[in-house]
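K.L.:
Note that the sequence shown covers residues 76 to 334 in our numbering. Even glycine gets a Cβ: it sits at the ideal position worked out from N, Cα and C. Below is one structure. I have some questions about it.
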Amino acid sequence: MLTTSTVARAGLDAIALKPAECDLSAAASIPVETIAIDYEGRDHLPSHETLTALADDTAVLLTTPVRVDGFDPLGDDSLVDELPDAVGRVLVAGHGAYLTDEERERSIAPRLDAALETDPDAWVGTESVERLAMATGATQYELLARRTAAELQALRAVGFEGEIALYAPTVLTDDDDIVLDAVGDYVSRRRPVARALPEDAATDASATGRAREVLLKAARDYALIGEADEIREQTDMLHEAGVTTIVGYPAQGLEPFLE
């Protein structure tokens, strides 16, 4: 009797991994066709050997901030040359935490255009640069939010036919404490949530009262929450709204995704 993997039952098309949090070699055990690797600074950039090993059996995409030295198509792009040919890219403006003051001042639009000239199949991360990303015509890599389904339905209705990939922190349980430990801090940084939270409120399982209520509601707006079959209902809805690739981030760790 064939057993369907948890990833497949949840309706996830790909998995996103943070190299600072996990051993990427373990990702080879996840039954998924595509792995997207986040950028968390040069200290956590996967080695050529690690990327090559993963790409042997899986489609691999590596996030590359176009303003960062080493990935800058209008300057130092030496790190791009070191990537295995089989590894694709996700082009992003880059989180400020991983940029120097000089890198933060670099213009984004011409760098996205230049990078796509050499890698036309790359995805483009939309966070903070939504209009620029859309203008490129590349696969849009968006973050799950409360209005994602409605906005994508509207976008498809006016004739947008491009590829849309969606990044969604995923927690394979209904246990509120596990949910908050996994994504409480993440959702607390979303602007509407930050405004609604009491000052200095805890954002993990120790949250109480109004803060806990806000965080648990937000978790279901900005993440996929529930058992695999429950998450499948959410991913089916997102696919129907126009998402082509749903990328789940294992917010509670890899173990639940290995089954």
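Quick check: the stretch 222-238 against the stretch 249-267, are there 3 or more CB pairs under 8 Å?
P.N.:
Contact fails: fewer than three Cβ-Cβ distances are below 8 Å.
K.L.:
Are Thr310 and Ala85 close, meaning C-beta to C-beta below 8 Å?
P.N.:
In the sequence shown, counting from the first residue as 1, residue 310 sits at position 235. In the sequence shown, counting from the first residue as 1, residue 85 sits at position 10. In this structure, Ala85 lies closer than 8 Å to Thr310 by Cβ.
K.L.:
Please report the residue range of the alpha helix (DSSP H) in which Ala257 lies.
P.N.:
For the purposes of this step, residue 257 is taken as residue 182 along the sequence shown, with counting starting at 1. Looking at the DSSP string, the run of the alpha helix (DSSP H) that includes Ala257 is 251-263.
K.L.:
Mind checking which residues open and close the alpha helix (DSSP H) that includes Gly79?
P.N.:
If you number the sequence shown from 1, residue 79 lands on position 4. The residue asked about is misnamed: residue 79 is Thr in this sequence, not Gly. Note, Thr79: premise wrong, no alpha helix (DSSP H); not H, not E.
K.L.:
If you draw a straight line from the C-alpha of His314 to the C-alpha of Thr320, how long is it?
P.N.:
As a position in the sequence shown, residue 314 is number 239, starting the count at 1. As a position in the sequence shown, residue 320 is number 245, starting the count at 1. The straight-line gap from Cα to Cα measures roughly 8 Å.
K.L.:
With which residues is Val167 paired in a DSSP beta bridge?
P.N.:
Here residue 167 corresponds to residue number 92 of the sequence shown, with the count starting at 1. According to DSSP, which records beta bridges pairwise, Val167 is partnered with Pro140.
K.L.:
Just tell me which of Ser182, Gly171, Val165 has its CA closest to the CA of Thr193.
P.N.:
By one-based count along the sequence shown, residue 193 stands at place 118. Among Ser182, Gly171, Val165, the Cα nearest to that of Thr193 is on Val165.
K.L.:
Which of the three DSSP states, helix, strand or coil, is assigned to Tyr173?
P.N.:
Here residue 173 corresponds to residue number 98 of the sequence shown, with the count starting at 1. In this structure, Tyr173 counts as helix in the three-state DSSP scheme.
K.L.:
Can you check which of these residues, Thr175, Leu174, Glu288, Val167, is closest to Pro185 by C-alpha distance?
P.N.:
Taking the first residue of the sequence shown as 1, we reach residue 185 at position 110. Here the closest residue by C-alpha is Val167.
K.L.:
Touch check for the stretch 142-159 and the stretch 172-185: three-plus C-beta pairs under 8 Å?
P.N.:
Cβ pair count under 8 Å is three or more, so yes.
K.L.:
Report all residues from its chain with a CB closer than 7 Å to the CB of Leu333; omit the five preceding and five following residues, and keep chain order.
P.N.:
To locate residue 333, count along the sequence shown from 1; it is residue 258. Taken in chain order, the residues that qualify are Ser104, Ile105.
K.L.:
So, with DSSP's three-state summary, where would you put Ala298?
P.N.:
Looking up residue 298 in the sequence shown gives position 223. Looking at Ala298 - three-state DSSP - the assignment turns out to be coil, as it is neither helix nor strand.
K.L.:
Just tell me which of Glu217, Thr138, His123 has its CA closest to the CA of Ile239.
P.N.:
Translated into the one-based positions of the sequence shown, residue 239 becomes position 164. Of Glu217, Thr138, His123, the residue nearest in Cα terms is Glu217.
K.L.:
Among the candidates Leu174, Ala161, Ala101, whose CA atom is the shortest distance from the CA of Asp118?
P.N.:
Counting from 1 along the sequence shown, the entry for residue 118 is found at position 43. If we check each option's Cα against that of Asp118, Leu174 comes out closest.
K.L.:
May I ask which residues mark the beginning and end of the beta strand (DSSP E) holding Ala326?
P.N.:
Locating residue 326 in the sequence shown gives position 251, where the first residue counts as 1. Premise fails: Ala326 is in no beta strand (DSSP E) and is neither H nor E.
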